[in-house]
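In my numbering, the protein residues as written are 1186 to 1388.
Rendered as structure tokens:
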């Protein structure tokens, strides 16, 4: 009948309405879920981005701190080189002065030896001619004094040579240290160049 048909249509219409509501609710839930997932993804990305920024900044600061440390080492090595160079210069001046002193003493010793030999020759001649014994005694005294002076000079020359060897050794040690500091500076300069390049890349 017409009434039954109308009732059936009404039921179908209600069911459609319910389905529509359900569909809308499902769609809304889907949109919400998608929105929520999107928000979560964005927040995760933001957190990771912040963490990466912090890590990057921390690494940059570490590089800069290390860079500063290496620069201080370089400054220290440069000061050491300057001090060592001054030390070597002083030693070289000292060596030159000592060598001159030894040379003067050697010349003085040579003159004294020649004088002594001349007096000894004279004494031999006088003794062979049986000349005045007082004059011979006087010559012997002069020869003896000259011998003492020669021996004293020889002793001083030996001491000077010993001192000279010591100063030369000290100068060599300073020179070795200078070479070592020079190598250190070379390595530090290479390190700093690499660090500066890294900082530029990190910026």
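In this text, a Cβ means the ideal position worked out from N, Cα and C, and glycines have one as well.
If you run the structure through DSSP and keep just helix, strand and coil, what is residue i?
i, result
"residue 1317", "coil"
Just mark residue i as buried or exposed, buried being the case when its beta carbon has 16 or more other beta carbons within 10 Å.
i, result
"residue 1366", "buried"
"residue 1207", "exposed"
"residue 1262", "buried"
"residue 1359", "buried"
"residue 1204", "exposed"
"residue 1373", "buried"
Taking just the CA atoms, how far does residue j sit from residue i?
i, j, result
"residue 1386", "residue 1235", "19 Å"
"residue 1252", "residue 1278", "39 Å"
"residue 1231", "residue 1248", "25 Å"
"residue 1264", "residue 1351", "25 Å"
"residue 1211", "residue 1198", "19 Å"
"residue 1276", "residue 1355", "8 Å"
"residue 1310", "residue 1347", "40 Å"
"residue 1335", "residue 1267", "43 Å"
"residue 1274", "residue 1308", "51 Å"
"residue 1250", "residue 1238", "18 Å"
"residue 1378", "residue 1254", "14 Å"
Since residue i and residue j should fall inside the 8 Å C-beta cutoff, what is the C-beta to C-beta distance between them, to a whole number of angstroms?
i, j, result
"residue 1363", "residue 1270", "7 Å"
"residue 1301", "residue 1331", "4 Å"
"residue 1290", "residue 1338", "6 Å"
"residue 1287", "residue 1370", "Contact flag wrong, Cβ pair sits at about 37 Å."
"residue 1327", "residue 1304", "6 Å"
Would residue i pass as an interface residue toward chain C - the criterion being a Cβ-Cβ separation below 8 Å?
i, result
"residue 1376", "Reference to chain C is not applicable here, since this structure consists of a single protein chain."
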